[in-house]
Amino acid sequence: METKKIRVRFAPSPTGPLHIGGVRTALYNYLFAKKNNGDFILRIEDTDQARYVQGAEKYIIESLNWCGIKFNEGFNVGGDYGPYKQSERKQIYMQYAEQLINNGFAYYAFDTAEELEQMRNRLKAENSSTQQYDTITRGSMKNSLSLHREEIKKRLDSGEPYVIRIKIPDNEEIMVNDIIRGEVIVHSSKIDDKILFKSDGMPTYHLANVVDDHLMKISHVIRGEEWLPSTPLHVLLYRYLGWQDEMPEFAHMPLILKPDGKGKLSKRDGDRLGFPVFPLQWTNPETNEISSGYRESGYFPEAFINILVFLGWNPGTTQEIFSMEELIKAFSLERVGKAGSRFDPEKAKWYNHQYLVAKKDEELANLLIPILEEKGIFSEKDYIAKICGLIKERANFVQDLWEQSYFFFKAPSTYDAKVVKKKWKEGTPQILMELKEKLAEIDIFNASNIEENVKVFLEKKELGMGQVMNVFRLTLVGSNKGPGLFNIAELLGKEETLNRIQAGLDNIN
RNA sequence: GGUCCGUUCGUCUAGUCAGGUCAGGACGUCAGGUUUUCAUCCUGGUAACAGGGGUUCGAAUCCCCUACGGACUACCA
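Using the working numbering, you'd call the opening residue of the first sequence number 31 and step up by one each time.
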């Protein structure tokens with residue numbers, strides 16, 4: 031009987047914008063929490079002050095907001111386990127580092143960068159299988175295990191910079207139980223004495239995440255596969271800190287891979303790939319370089335979430351379209367795959383299309399109106415909604431709506447030369463003139479009446495659809511594109527339709 | 001180099017834990033149909049168990065090896 035409250039966290043580092051892999055990590059955490067009536071916590075891991083990027087935190091919040099991913103606790107919303115920024119928890123970590131030292135699980139180290147470099151080079155030259163600071167090498171380095179007590183005290187008292195390293199046990203199999211991958215066993219000799227506490231007074235990720243997860247009562251750590259190799263170290267830390275019994279469960283998700291070459295998708299991929307890697311547009315504060323975002327590219331947040339969730343998870347059914355509510359119901363870590371996945375821009379478009387088509391015409395009108403106004407077009411919402419209803423099947427993005435509908439708002443000023451050449455025959459003007467007269471007689475100018483009249487007209491004149499409709503379309507649209515012509519004519523209205531035919535007769539030859 | 005993880009259509013994947021339907025779906029692509037055009041849509045096709053050994057009556061599924069890919073290997077997270 032598992033009665034423990036489910037608490038998971040998303041712990042990004044504010045080193046830049048979140049990319050889609052990060053959003054997916056947040057999403058899986060969120061879904062898992064909500065599915066299990068648990069809490070979802072946002073913690074900022076800013077222990078590396080050197081890599082701090084202005085605006086990154088705000089970007090993270092805004093992105094997740096846009097996605098509809100909500101937090102129960104976090105530096106932005108508060109909570110009982112704060113502060114939720116590691117830089118504000120600075121004083122907490124030292125005591126745990128000291129506790130580890132006092133219990134013989136960690137030690138001070140005074141080696142300079144050059145000395146570390148030398149050690150690694152020496153091992154490399156010796157063809158050693160590892161170049162680690164470990165049970166073999168630590169005796170020859172400058173640390174509180176190798177130095178005399180007075181020497182250590184002297185160095186510490188004089189304020190010499192030091193780090194604190196974990197003392198990895200000699201000969202032990204360390205087992206990690208991963209929900210997605212099963213048991214992973216690593217021998218302690220393959221792990222090095224990682225730095226837990228840096229000389230700048232900040233903990234490293236390894237110490238901070240273990241301490242915080244414990245203090246924040248995190249029940250499950252769901253993170254990217256890149257953390258799997260260091261998880262045995264974390265397991266050791268839980269044990270040495272005396273928290274083994276409350277250690278969270280681990281789930282390491284597969285990575286999102288670059289669609290072209292190799293390797294995991296990274297922030298640096300920017301727009302190089304032909305699709306955004308960021309949820310929101312991002313302007314690099316240093317270079318002012320702009321990277322596109324899904325929001326600005328016209329993706330609906332629901333579609334974006336739907337696309338992301340399927341990169342590594344599937345429901346085991348044939349259902350493809352999921353609302354957030356449905357995802358919460360359906361999600362489980364057991365159905366997360368093991369292998370990395372590539373983003374498919376084509377399928378992403380299809381997803382967005384599904385969401386666009388499902389939207390109400392009025393809703394689409396609201397989205398199209400700003401685009402129209404930008405172009406100086408002001409029109410009735412009802413009219414725009416009707417147009418959206420007619421063309422939405424043909425669009426993937428809101429922007430496409432304009433490309434599919436511009437001719438409703440502006441009479442053609444030019445006519446597609448190819449179509450003119452192909453369809454505009456000698457007898458065409460005469461036919462159009464007569465058609466215009468026939469259309470002028472229609473009282474109720476709706477699609478079905480227009481269609482009926484046109485067909486009668488065709489029959490009487492012994493003309494085929496193709497002879498008339500193509501040029502009729504040419505006068506109304508200016509090209510051979512668009513939805514059903516009778517529908518276009520109806521929406522345009524009788525007067526405008528007749529005007530456009532006349533304009534065509536005047537201008538095409 | 002070392003450690004760990006992984007490998008089913010071009011892509012996302014179901015099927016693997018409890019071996020037994022022509023290996024299923026979606027995107028893409030191709031063909032046909034609908035249509036006045038373009039798009040949508042409908043129908044159909046295409047295409048995969050990385051390779052090799054075992055175990056078994058029977059292996060995508062269990063075991064071993066190989067290959068390939070990826071992650072990690074910082075006083076970064």
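Backbone N, C-alpha and C fix where the C-beta goes; we use that ideal spot for every residue, glycine too.
Buried or exposed (CB count within 10 angstroms, at least 16 for buried), residue i
i, result
"Met31", "For Met31, the predicted model reports a pLDDT of 44, less than 50, meaning its position is unreliable and no value from the coordinates is stated."
"Leu465", "buried"
"Arg73", "buried"
"Glu332", "buried"
"Val501", "buried"
"Asp110", "exposed"
"Met463", "exposed"
"Ile531", "buried"
"Asp301", "exposed"
"Pro400", "exposed"
"Ala378", "buried"
"Gly494", "exposed"
"Ser229", "exposed"
"Glu103", "buried"
Under the three-state DSSP convention, the category residue i falls into
i, result
"Met354", "helix"
"Ala41", "coil"
"Val486", "helix"
"Met246", "coil"
"Val366", "strand"
"Gly46", "coil"
"Met171", "coil"
"Thr160", "coil"
"Asn537", "helix"
"Thr261", "helix"
"Ala281", "strand"
"Arg302", "coil"
"Lys115", "strand"
"Gly212", "strand"
"Ala136", "strand"
"Glu96", "According to the sequence provided, residue 96 is Trp. The question's Glu does not apply to it. In this structure, Trp96 counts as helix in the three-state DSSP scheme."
"Ile286", "strand"
"Phe308", "strand"
"Arg54", "helix"
"Glu252", "As written in the sequence, residue 252 is Ile, which differs from the Glu given in the question. Strand at Ile252."
"Ile337", "helix"
"Glu392", "helix"
"Thr313", "strand"
"Ile320", "strand"
"Ser443", "coil"
"Arg372", "strand"
Among the options, the one whose alpha carbon lies nearest that of residue i
i, options, result
"Phe330", "Ser362, Ile252, Tyr235 and Val428", "Val428"
"Gly419", "Phe408, Gly406, Ser409 and Ser435", "Ser435"
"Thr317", "Gly46, Val38, Phe40 and Leu469", "Gly46"
"Pro315", "Thr55, Ala86 and Arg179", "Ala86"
"Ala127", "Val265, Pro289 and His236", "His236"
"Tyr60", "Phe439, Ile252 and Trp432", "Ile252"
"Thr234", "Val193, His217, Gly212 and Pro262", "Val193"
"Tyr58", "Ile337, Pro442 and Phe408", "Ile337"
"Ile122", "Asp243, Leu357, Ser409 and Glu492", "Asp243"
"Val540", "Asn157, Cys97, Ser117 and Glu92", "This structure cannot speak to residue 540, because the chain is shown only from 31 to 539."
"Leu287", "Ser296, Lys452, Asp473 and Phe280", "Ser296"
"Lys172", "Ala155, Asp430 and Glu144", "Glu144"
Span of the alpha helix (DSSP H) around residue i
i, result
"Met232", "That residue, Met232, is in no alpha helix (DSSP H); it is neither H nor E in DSSP."
"Met205", "Segment Glu203 to Asp208 is the beta strand (DSSP E) holding Met205; no alpha helix (DSSP H) there."
"His383", "Pro375 to Ala388"
"Ala447", "Ala447 to Lys453"
"Asp412", "Lys411 to Ile421"
"Arg150", "Ala143 to Ala155"
"Tyr503", "One point to set straight first is that residue 503 is Arg, not Tyr, in the sequence displayed. Unbroken alpha helix (DSSP H) run through Arg503: Met495 to Val507."
N-terminal and C-terminal residue of the beta strand (DSSP E) that residue i is part of
i, result
"Ile225", "Ile225 to Phe227"
"Arg195", "Val193 to Ile196"
"Ile71", "Asp69 to Leu72"
Cβ-heavy atom distance, residue i to the ligand ZN, below 8 Å
i, result
"His244", "The ligand content of the structure shown is nil, which means the ligand ZN is not present either."
**OP:** Mind the definition here: the segment 362-372 touches the segment 299-319 only if three or more C-beta pairs lie below 8 Å; say whether that holds.
**Re:** Touching, no, given that fewer than three Cβ pairs across the two stretches are closer than 8 Å.
Original post:
Does the count of Cβ pairs from the segment 128-142 and the segment 53-70 closer than 8 Å reach three?
Top reply: Because the criterion of three Cβ pairs below 8 Å is not met, the segment 128-142 and the segment 53-70 do not touch.
Subject >> Contact between the segment 464-479 and the segment 376-391 (3+ Cβ pairs under 8 Å) >> reply: Touching, no, given that fewer than three Cβ pairs across the two stretches are closer than 8 Å.
**OP:** Check whether the segment 204-211 touches the segment 143-150, taking contact to mean three or more Cβ pairs, one atom from each stretch, closer than 8 Å.
**Re:** no
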